[in-house]
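There are 2 protein chains.
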Amino acid sequence: MKISEQELRTILKKYNLKITPQRLIILNYLISHKTHPTAEMIHSDLKTISLATIYNTLEKLVETGLVVVIDINDDKHHFDYYGNPHYHIINKTTNEIIDADNFNVQPLLDAASKASGLKISGYHIEVYGNKS
Amino acid sequence: MKISEQELRTILKKYNLKITPQRLIILNYLISHKTHPTAEMIHSDLKTISLATIYNTLEKLVETGLVVVIDINDDKHHFDYYGNPHYHIINKTTNEIIDADNFNVQPLLDAASKASGLKISGYHIEVYGNKS
DNA sequence: TTCTTAATTAGAATCATTCTAACTAAGTTT
DNA sequence: AAACTTAGTTAGAATGATTCTAATTAAGAA
Chain A
17 MKISEQELRT ILKKYNLKIT PQRLIILNYL ISHKTHPTAE MIHSDLKTIS
67 LATIYNTLEK LVETGLVVVI DINDDKHHFD YYGNPHYHII NKTTNEIIDA
117 DNFNVQPLLD AASKASGLKI SGYHIEVYGN KS
Chain B
17 MKISEQELRT ILKKYNLKIT PQRLIILNYL ISHKTHPTAE MIHSDLKTIS
67 LATIYNTLEK LVETGLVVVI DINDDKHHFD YYGNPHYHII NKTTNEIIDA
117 DNFNVQPLLD AASKASGLKI SGYHIEVYGN KS
């Protein structure tokens, strides 16, 4: 997905994040890559930005909900721009992560709200599968 | 939940896991605690069993599907005996993990199967909430 | 009982992530 | 538009959960 710098600025502003060159680059990277990268992968692609800033920025983006963390079984966090609600299908054979949105989560969120009495702020759904 | 040694043996046998005193103790611990403990918590309760064995056994149990890993935001794996299908509600204020089962996941699994063409082998659902 | 193979263990090693402390730059205020 | 305040960036060190190693022990088959 392609996005203009102006749109990137608007997104950051919306979440009260200061606009810095690093944040513009990292956010753009996340939006334009469907690869669910780790911090290390992002760093190795964006060599001019320090690893500490990659982590700091990802933390901020996750706080806002713009980005979500996916944990598969490789002991690294994977990051995913969460522009549209979706869930993840993880191919255990290849560790590939597929984004899917053909499911209405509202009934689940309602059930969770009812079961806990909490105000629901987000969710993660990961479904595991193997080559059939 | 209380369980006899004979039942523990039957469970291990069912999954082709060798029966050892350590495995009986760890599996019993997981079944009888609703606390979603980390490896370190289990180790500190079961002082006679080495940390390496705690990790090795948890790995085996997760492989079989008897136990699932829950990742909240504290950089430690939490482990949960998965006797009955359920999902997790995580109170972000307290980091408390609640087990809930008031939701039928079959439609989700069907959707995932349809979207990916994979044979579905499991799922994790975590819903986040705050005190309302 | 013997044998083979897997499980257990203590301790070392790994490595993703966080922390520290100095420097830099956003964005606000005047 | 200069000065100010506060937050962001950075390199490198520190942390700590987890994995690895290599020696010992024990499960379960023959």
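As you go down the protein sequences, you meet chains A and B in turn. With the working numbering, letter number 101 in the first sequence gets 117, and the count goes up by one each step, no holes. With the working numbering, letter number 26 in the second sequence gets 42, and the count goes up by one each step, no holes. Virtual Cβ for every residue (Gly too), placed ideally from N, Cα, C.
**Message:** Along the chain, where does the alpha helix (DSSP H) containing lysine 135 of chain B start, and where does it finish?
**Reply:** Translated into positions along the second sequence, residue 135 of chain B becomes position 119. Counted as a single uninterrupted DSSP element, the stretch harbouring lysine 135 of chain B is not any alpha helix (DSSP H) but the beta strand (DSSP E) occupying residues 135-146.
**Request:** Please confirm if phenylalanine 95 of chain B has its CB atom under 8 Å from at least one CB of chain A.
**Result:** For the purposes of this step, residue 95 of chain B is taken as the residue at position 79 of the second sequence. So, not an interface residue.
**Request:** Mind listing, in chain order, the continuous beta strand (DSSP E) runs of no fewer than 3 residues lying wholly within the stretch 49-93 of chain B?
**Result:** Those beta strand (DSSP E) runs which fall completely within the stretch 49-93 of chain B and span 3+ residues are 83-87.
**Prompt:** Got a sec: is the Cβ-Cβ distance from glycine 145 of chain A to anything in chain B below 8 Å?
**Reply:** The residue you call residue 145 of chain A lines up with position 129 of the first sequence. Yes, because at least one Cβ of chain B sits closer than 8 Å to the Cβ of glycine 145 of chain A.
**Asked** Does DSSP classify isoleucine 114 of chain B as helix, strand or coil?
**Response** As a first step, residue 114 of chain B must be located in the second sequence, where it is residue number 98. Three-state DSSP puts isoleucine 114 of chain B in a strand.
**Prompt:** Going by the CB atoms, is the gap between asparagine 146 of chain B and serine 148 of chain A shorter than 8 Å?
**Reply:** Here residue 148 of chain A refers to the residue found at position 132 of the first sequence. Here residue 146 of chain B refers to the residue found at position 130 of the second sequence. In this structure, asparagine 146 of chain B does not lie closer than 8 Å to serine 148 of chain A by Cβ.
**Message:** Less than 7 Å between C-beta atoms, sequence neighbours within five positions excluded: which residues of the same chain meet that for isoleucine 41 of chain B?
**Reply:** By 1-based counting over the second sequence, the position of residue 41 of chain B is 25. The residues are Leu62, Ile65.
**Request:** Return the Cβ separation of tyrosine 139 of chain B and isoleucine 106 of chain B in integer angstroms, given the expectation that the two are a contact with Cβ distance under 8 Å.
**Result:** The residue given as residue 139 of chain B occupies position 123 in the second sequence. The residue given as residue 106 of chain B occupies position 90 in the second sequence. Actually they are not in contact, since the Cβ atoms of tyrosine 139 of chain B and isoleucine 106 of chain B sit about 16 Å apart, beyond 8 Å.
**Message:** Please identify the residue among A:Tyr71, A:Val121, A:Asp115, A:Thr110 whose C-alpha is closest to the C-alpha of aspartate 96 of chain A.
**Reply:** Translated into the one-based positions of the first sequence, residue 96 of chain A becomes position 80. Ranked by Cα distance from aspartate 96 of chain A, the first of A:Tyr71, A:Val121, A:Asp115, A:Thr110 is A:Asp115.
**Prompt:** Between aspartate 87 of chain A and chain B, is there a C-beta pair that is closer than 8 Å?
**Reply:** Start at 1 with the first residue of the first sequence, and residue 87 of chain A comes out as number 71. Residue-level contact check: aspartate 87 of chain A touches chain B, since one or more beta carbons of chain B fall below 8 Å from its beta carbon.
**Prompt:** Looking at lysine 50 of chain B and asparagine 118 of chain A, is the spacing between their C-beta atoms short of 8 Å?
**Reply:** Taking the first sequence and counting its residues from 1, the one referred to as residue 118 of chain A is at position 102. Taking the second sequence and counting its residues from 1, the one referred to as residue 50 of chain B is at position 34. Not closer than 8 Å, so no.
**Message:** Under 8 Å, Cβ to Cβ, is there at least one residue of chain A near leucine 46 of chain B?
**Reply:** Locating residue 46 of chain B in the second sequence gives position 30, counting from the first residue. So no, leucine 46 of chain B is outside the interface.
**Request:** Taking only the alpha-carbon atoms, compute the straight-line gap between isoleucine 127 of chain A and isoleucine 141 of chain B and give it to the nearest angstrom.
**Result:** Along the first sequence, read from residue 1 onward, the residue named residue 127 of chain A stands at position 111. Along the second sequence, read from residue 1 onward, the residue named residue 141 of chain B stands at position 125. The amino acid at residue 127 of chain A is misidentified as isoleucine; the sequence shows alanine. Near 12 Å, if we compare the C-alpha coordinates of isoleucine 141 of chain B and alanine 127 of chain A.
**Message:** Can you find the residues in the same chain that come closer than 6 Å, C-beta to C-beta, to tyrosine 31 of chain B, ignoring five residues on each side of it along the sequence?
**Reply:** The residue given as residue 31 of chain B occupies position 15 in the second sequence. Excluding positions up to five away in sequence, the list reads Thr80.
**Item:** CA-to-CA distance, lysine 92 of chain A to aspartate 91 of chain B, given in whole angstroms
**Value:** In the second sequence, the residue the question calls residue 91 of chain B occupies position 75. In the first sequence, the residue the question calls residue 92 of chain A occupies position 76. Rounded to the nearest angstrom, the two C-alpha atoms are 10 Å apart.
**Request:** Keeping to the same chain, check which residues put their C-beta closer than 7 Å to that of asparagine 44 of chain B; ignore five residues upstream and five downstream.
**Result:** Taking the second sequence and counting its residues from 1, the one referred to as residue 44 of chain B is at position 28. Ile19, Leu24.
**Request:** Could you tell me which residues DSSP puts in a beta bridge with lysine 107 of chain A?
**Result:** Position 91 of the first sequence, counting from 1, holds the residue named residue 107 of chain A. Inspection of the sequence shows that residue 107 of chain A is occupied by asparagine rather than by lysine. Answer by DSSP bridge pairing, in chain order: A:Glu112, A:Gly145.
**Item:** Option in B:Leu124, B:Val83, B:Pro37 with minimal Cα separation from threonine 54 of chain B
**Value:** Here the question's residue 54 of chain B lines up with position 38 in the second sequence. Cα-wise, what sits closest to threonine 54 of chain B is B:Val83.
**Item:** Pick from A:Ile35, A:Leu46, A:Asn120 that is closest to histidine 94 of chain A, judged by C-alpha positions
**Value:** Translated into the one-based positions of the first sequence, residue 94 of chain A becomes position 78. Considering only alpha carbons, the answer is A:Leu46.
**Message:** Using DSSP's beta-bridge definition, name the partner residues of phenylalanine 95 of chain A.
**Reply:** In the first sequence, residue 95 of chain A corresponds to position 79, counting from 1. Bridge pairing for phenylalanine 95 of chain A: A:Val85 [DSSP].
**Span of the alpha helix (DSSP H), counted from its first residue to its last, around threonine 26 of chain A** = The sequence position of residue 26 of chain A within the first sequence is 10, counting from 1. Counting along the chain, the alpha helix (DSSP H) containing threonine 26 of chain A begins and ends at 21-30.
**Request:** For the alpha helix (DSSP H) containing leucine 124 of chain A, list its first residue and its last residue.
**Result:** In the first sequence, residue 124 of chain A corresponds to position 108, counting from 1. Where leucine 124 of chain A is concerned, the enclosing alpha helix (DSSP H) stretches over 122-132.
**Prompt:** Can you name the residues of chain A whose CB is closer than 8 Å to the CB of tyrosine 139 of chain B?
**Reply:** Within the second sequence, residue 139 of chain B is the residue found at index 123, counting from 1. Going along chain A in sequence order, the residues near tyrosine 139 of chain B (Cβ under 8 Å) are Ile141, Glu142, Val143, Tyr144.
**Asked** Are there 16 or more other CB atoms within 10 angstroms of the CB of leucine 67 of chain A, so buried, or fewer, so exposed?
**Response** Here residue 67 of chain A corresponds to residue number 51 of the first sequence, with the count starting at 1. Leucine 67 of chain A is exposed by the Cβ-count criterion.
**Message:** Rounded to the nearest angstrom, what separates valine 101 of chain B and proline 37 of chain A at their Cα positions?
**Reply:** The residue you call residue 101 of chain B lines up with position 85 of the second sequence. The residue you call residue 37 of chain A lines up with position 21 of the first sequence. One detail in the question is off: residue 101 of chain B reads as proline in this sequence, not valine. In a straight line, the C-alpha of proline 101 of chain B is about 46 Å away from that of proline 37 of chain A.
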